[in-house]
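Top line first, the protein sequences correspond to chains A and B.
Numbering (this note's numbering) for the first sequence: 1 to 127.
Numbering (this note's numbering) for the second sequence: 1 to 127.
Here is the structure we will look at, set down as structure tokens.
There are 2 protein chains.
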Amino acid sequence: MRELSEFAPVELLVCTTCRRGLPIEDDAQRPGTLLHKALEQADLPTGVELKAVECLSNCDQGCSVVLRGGPSRWTFVYENLNEADDVDVIVEGATKYHATADGLVPWRERPVHFRKNCAARIPPIGA
Amino acid sequence: MRELSEFAPVELLVCTTCRRGLPIEDDAQRPGTLLHKALEQADLPTGVELKAVECLSNCDQGCSVVLRGGPSRWTFVYENLNEADDVDVIVEGATKYHATADGLVPWRERPVHFRKNCAARIPPIGA
Numbered sequence: 001m002r003e004l005s006e007f008a009p010v011e012l013l014v015c016t017t018c019r020r021g022l023p024i025e026d027d028a029q030r031p032g033t034l035l036h037k038a039l040e041q042a043d044l045p046t047g048v049e050l051k052a053v054e055c056l057s058n059c060d061q062g063c064s065v066v067l068r069g070g071p072s073r074w075t076f077v078y079e080n081l082n083e084a085d086d087v088d089v090i091v092e093g094a095t096k097y098h099a100t101a102d103g104l105v106p107w108r109e110r111p112v113h114f115r116k117n118c119a120a121r122i123p124p125i126g127a
Numbered sequence: 001m002r003e004l005s006e007f008a009p010v011e012l013l014v015c016t017t018c019r020r021g022l023p024i025e026d027d028a029q030r031p032g033t034l035l036h037k038a039l040e041q042a043d044l045p046t047g048v049e050l051k052a053v054e055c056l057s058n059c060d061q062g063c064s065v066v067l068r069g070g071p072s073r074w075t076f077v078y079e080n081l082n083e084a085d086d087v088d089v090i091v092e093g094a095t096k097y098h099a100t101a102d103g104l105v106p107w108r109e110r111p112v113h114f115r116k117n118c119a120a121r122i123p124p125i126g127a
């Protein structure tokens, strides 16, 4: 078994402009921003870098995040995430993704929300 | 103005396993495979490489394609594409994407189908 440190670092991209379909006042913090803040406080493993991004263009199914990590891993987009309820789901999914070389966590080991709310997956660049 | 040849090559990934929500017999060709075949015959510009991929995991909104191209371009996933009607749309969208350094075709210049059927966009790796 290989050490995790042999694998490429992982990026967890969070769309911070997401309104999650809600009518948000201009001076209020958006659900995507709140999700990013919650993840800053969460227990993400070393090797998973949290990044704020503007608009993943999946606005009707937000909040959304992306997991990607180097030229050998599949990239995944997950949707319908709630800033209040789904932080643990994202941490679990990111941790398991980080522990793979190719990004493909076995189906039954993926968080149920991830199984049911995958917007898209994109093959590795180096495949 | 820079020459197109200065930009990184573009990949057009087509999900060939897509059933486009139809009940497809086991021995029949799938809509995704037919879309890939139609694009093989289409007038894609030099520098856009067509690639068949298995399952982009956007099955409910297929057929789906991905446009990506090097570390400086945004990646886009487009959905609800029909193998019979949308080949020209994909060629137009891929051609315009290829003509950008960052993958961001101005909104009004994008094919209408692309504007209305973007499943997700993912920022450049090198950004």
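The beta-carbon is built from N, C-alpha and C at its ideal position, and this holds for glycine as well.
Predicted model only: the values in this text are computed from it and were never measured.
Beta carbon proximity, residue i to chain A, threshold 7 Å
| i | result |
| --- | --- |
| Leu44(B) | no |
| Cys63(B) | no |
| Leu56(B) | yes |
| Val10(B) | no |
| Val48(B) | no |
CB-CB length for residue i against residue j, believed under 8 Å
| i | j | result |
| --- | --- | --- |
| Glu83(A) | Ala38(A) | 6 Å |
| Leu13(A) | Val65(A) | 6 Å |
Start and end residues, beta strand (DSSP E) containing residue i
| i | result |
| --- | --- |
| Thr75(B) | Thr75 to Tyr78 |
| Arg68(A) | Val65 to Arg68 |
| Ala128(A) | No answer is possible for residue 128(A): the residues shown for chain A start at 1 and end at 127. |
| Val105(B) | From DSSP, Val105(B) is part of no beta strand (DSSP E); its letter is neither H nor E. |
| Ala52(A) | Val48 to Val53 |
Buried versus exposed, by CB contacts within 10 Å (16 or more), residue i
| i | result |
| --- | --- |
| Thr46(A) | exposed |
| Val112(B) | exposed |
| Trp74(A) | buried |
| Asp86(B) | buried |
Short CB-CB distance (under 7 Å) between residue i and chain B
| i | result |
| --- | --- |
| Ile24(A) | no |
| Val14(A) | no |
| Val105(A) | no |
Cβ-heavy atom distance, residue i to the ligand FAD, below 6 Å
| i | result |
| --- | --- |
| Glu83(A) | The ligand FAD is absent from the structure shown, which contains no ligand whatsoever. |
At a Cβ cut of 9 Å, what residues of the region 84 to 96 of chain B count as close to chain A, listed as they run along the chain?
none
Please name the residues in the region 112 to 123 of chain A whose beta-carbon is closer than 8 Å to at least one beta-carbon of chain B, in chain order.
Cys118, Ala119, Ala120, Arg121, Ile122 and Pro123
Of all the residues that make up the region 69 to 84 of chain A, which are near chain B by a beta-carbon distance shorter than 7 Å?
Thr75 and Val77
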